[in-house]
Amino acid sequence: MAKINPVSGFPEWLPEEKLIEQFFLDTVRKKFELYGFTPIEPRSIEPLDVLLSKGDDKEIYTLRRLHEEDPSAPAEFGLHFDMTVPFARYVQQYRGHLNFPFKRYQIQKAWRGERPQEGRYREFYQADIDVINEGDLPISYDAEFPQLIHDIISSLPTPPVCIRVNNRKILTGFYQALSISDAAGVLRVVDKLDKIGASAVIGSLKDELGLSQEQAELCLKLGQIKSSDLSFVKEVQALGYSHPTLQEGLDELAFVVAASQSLPQGTLLADLSLARGLDYYTGTVYECNFVGHESLGSICGGGRYDNLASDDKVKLPGIGISFGITRMLGYLFARKMLKANKSSPVTVLVALPSEEARLEAITIANRLRSRGISTDVNHAAQKFGKQIRNAERSGVPYVWFFTQGDASSYELKDIRTGEQTKVSVETWEPKPEDTKLQVSLNLEP
RNA sequence: GUGGCUGUAGCUCAGUUGGUUAGAGCGCCGGAUUGUGGUUCCGGAGGUCGUGGGUUCAAGACCCAUCAGCCACCCCA
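Numbered according to the numbering used here, the first sequence spans residues 25 to 469.
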């Protein structure tokens with residue numbers, strides 16, 4: 025092998041980190057199933073025209089064969105950059121085999137060619153849930169997602185989440201009432217309010233989009249409205265403009281906010297500057313941050329799309345959100361904020377007293393394994409001190425000692441307490457906390 | 001994709017205006033401790049200074065390119 029180097033944007037975890045990642049993925053998966061979502065795993069590649077169908081400004085990794093007949097021909101396939109667009113294709117393709125409303129989850133890697141930095145990678149896990157229906161999808165589905173997001177984040181060893189929510193109809197309806205034609209442009213600018221500030225938003229709206237001073241100020245005022253309860257409705261109405269789409273959006277957002285009032289204070293915030301990507305969202309949009317770690321950016325986001333999977337005859341509206349698992353982990357790992365109780369799946373290390381005793385050690389290990397206890401045999405007949413140290417370094421909680429040919433000699437040392445007791449290979453059981461990976465959040469550093 | 005900062009042992013970092021054999025702490029390995037870890041003490045290994053090229057009598061220090069990490073833009077998980 026030639027030079028070994030990392031590849032920019034393609035993170036690789038160490039074993040302890042991978043165990044933690046697996047813990048995150050498992051936790052999320054169980055919650056998804058708890059809420060009634062069913063797994064699918066569409067292929068990682070899509071025809072380029074599918075990937076580009078909702079916008080052509082994507083940074084896509086394309087795919088080609090080394091021995092292609094015509095190496096200069098344009099690539100036909102690309103790696104998917106999210107789960108939603110391929111899901112829409114999947115639903116259309118298998119519609120006859122699916123039951124609606126179809127609630128599915130996908131936990132897969134996605135690839136984007138963007139320039140990497142912390143929290144932004146070229147290869148990363150997304151944990152994605154969507155519900156899609158034929159005909160109409162009631163607003164009550166929109167209202168379920170904040171509860172679900174809060175439940176999932178609460179079950180992970182991360183900082184608490186703040187879920188910001190908005191409805192695109194409020195923004196587009198309001199802009200129509202103001203006779204603004206370039207709604208998408210305004211969305212893009214107002215979405216940056218938190219980052220660039222009020223005066224820069226006004227400036228961009230006027231200089232780049234040609235809005236009048238009055239239009240720009242009204243767009244800004246709308247975007248500055250935030251509330252954790254229903255008071256945003258009156259604030260919007262106080263601006264003095266009405267439009268059917270605007271009213272529809274207000275009603276929907278009010279429903280979502282009202283349904284989420286049982287969440288802890290500060291978890292849900294109606295934020296009328298929130299717009300998100302321009303490609304397919306048509307109604308409710310969500311975006312989530314870790315409280316106190318806003319610089320990381322959004323760790324979960326999504327929304328409602330009414331037209332993504334629809335064709336001329338049948339409407340297939342859907343709502344989906346995606347959790348940025350790799351983004352969270354990269355950030356938490358870099359700050360050493362995650363602590364695990366073990367760094368190896370092994371529960372028991374059988375100490376090897378001599379090379380001649382190896383077969384017996386393997387027999388002991390296999391007995392334990394047959395009862396579901398993850399067991400390893402030390403690789404060499406080292407001094408016991410070293411064997412204990414090996415266990416300690418791998419995060420293995422127990423070391424099993426025996427004298428060759430003497431089944432009554434079995435003793436088990438808990439290396440966390442130093443305690444050593446006589447045990448039987450047929451009856452000893454580890455405590456649940458010994459076998460189960462536990463990850464905790466360390467906010468101190 | 002655009003712009004900026006950074007890159008010296010496994011890790012965190014020193015390294016004078018370019019000058020001979022590149023250092024420290026932690027970690028790692030061995031021993032004290034003759035088969036039961038974590039403390040202490042003693043000893044040891046480990047670096048073509050990210051990589052490639054250039055300037056110079058001389059480059060870890062300067063220049064160029066490239067790769068990687070981070071930051072801002074862009075976009076979003």
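For each residue, glycine too, the CB sits at the ideal point set by N, CA and C.
Nearest by alpha-carbon distance to T387: which of S367, Q248 and Q428 is it? As a working mapping, residue 387 is identified with position 363 in the first sequence. Among S367, Q248 and Q428, the Cα nearest to that of T387 belongs to Q428.
Compute the distance between the beta-carbons of G197 and G307, then report whether it is under 8 Å. For the purposes of this step, residue 197 is taken as residue 173 along the first sequence, with counting starting at 1. For the purposes of this step, residue 307 is taken as residue 283 along the first sequence, with counting starting at 1. No.
For V185, which beta-bridge partners are listed by DSSP? For the purposes of this step, residue 185 is taken as residue 161 along the first sequence, with counting starting at 1. For V185, which the question treats as bridged, DSSP gives the partners F314.
Within the region 128-173, ranges of the beta strand (DSSP E) (whole runs, at least 3 residues): 147-156
Closer than 7 Å by C-beta to A375: which residues in its own chain qualify, once you throw out the five before and the five after it? Chain order, please. Sequence index remark: in the first sequence, residue 375 carries index 351 (1-based). Excluding sequence neighbours, A375 sits near N402, F408, Q411, V423, W424 and F425.
In chain order, each alpha helix (DSSP H) run of at least 4 residues that lies wholly inside the region 66-122: 72-75 and 108-117
Is G342 helix, strand or coil by DSSP? Taking the first sequence and counting its residues from 1, the one referred to as residue 342 is at position 318. DSSP, read as helix, strand or coil, puts G342 in strand.
Tell me which same chain residues have a C-beta within less than 6 Å of the C-beta of G419, skipping the five on either side of it? Counting from 1 along the first sequence, the entry for residue 419 is found at position 395. Around G419: K366, S367 and S368.
Using a Cβ-Cβ cutoff of less than 6 Å, which residues in the same chain neighbour S398 once the five nearest sequence positions on both sides are dropped? Within the first sequence, residue 398 is the residue found at index 374, counting from 1. Residues of the same chain with a CB within less than 6 Å of the CB of S398, apart from the 5 flanking positions on each side, are P369, V370 and T371 in chain order.
Local conformation of N191 per DSSP, three classes: As a position in the first sequence, residue 191 is number 167, starting the count at 1. In the structure shown, N191 sits in a strand (DSSP, three-state: E or B).
Nonlocal neighbours in the same chain, by C-beta distance under 7 Å from E344, ignoring five residues either side: For the purposes of this step, residue 344 is taken as the residue at position 320 of the first sequence. Correcting the residue identity first, residue 344 is Gly in this sequence and not Glu. Answer for G344: T108, D152, I153, D154 and G326, listed in chain order.
Proximal residues to S346 (C-beta, below 6 Å), its chain only, five neighbours per side dropped: Here the question's residue 346 lines up with position 322 in the first sequence. Excluding residues within five positions, the ones whose Cβ falls inside 6 Å are Q150, D152 and G326.
Got a sec? Which residues, its chain only, sit under 6 Å from M25 by beta carbon, not counting five neighbours each side? Within the first sequence, residue 25 is the residue found at index 1, counting from 1. Since pLDDT at M25 reaches only 30, below the 50 mark, its modelled position is unreliable, and no value is offered.
Got a sec? Which residues, its chain only, sit under 7 Å from A405 by beta carbon, not counting five neighbours each side? Within the first sequence, the letter at position 381 stands for residue 405. Only L376, P377, S378 and E379 meet the Cβ criterion.
DSSP on Q406, reduced to helix/strand/coil? Taking the first sequence and counting its residues from 1, one reaches residue 406 at position 382. If DSSP states are grouped into helix, strand and coil, Q406 belongs with coil.
Which residue or residues does DSSP assign as beta-bridge partners of V423? By one-based count along the first sequence, residue 423 stands at place 399. For V423, which the question treats as bridged, DSSP gives the partners L373 and K437.
Excluding the five sequence neighbours on either side, which residues of its own chain have a C-beta within less than 6 Å of the C-beta of A381, listed in chain order? Position 357 of the first sequence, counted from the first residue, corresponds to residue 381. Excluding positions up to five away in sequence, the list reads Q428.
By alpha-carbon positions, which one of T86, S228, G442 and Y304 ends up nearest to A99? Mapped onto the first sequence, residue 99 falls at position 75. Minimum Cα distance to A99 is reached at T86.
With a CB to CB cut of under 6 Å and the five nearest residues on each side skipped, what residues in its chain are close to L356? Taking the first residue of the first sequence as position 1, residue 356 is located at position 332. Excluding residues within five positions, the ones whose Cβ falls inside 6 Å are L362.
For V31, list the residues DSSP reports as bridge partners. Start at 1 with the first residue of the first sequence, and residue 31 comes out as number 7. The partner list for V31 (beta bridge, DSSP) is empty, contrary to what the question assumes.
What are the partner residues of A364, as DSSP defines its beta bridges? Residue numbering aside, residue 364 sits at position 340 when the first sequence is read from its first letter. Within the DSSP secondary-structure output, A364 pairs in a beta bridge with V463.
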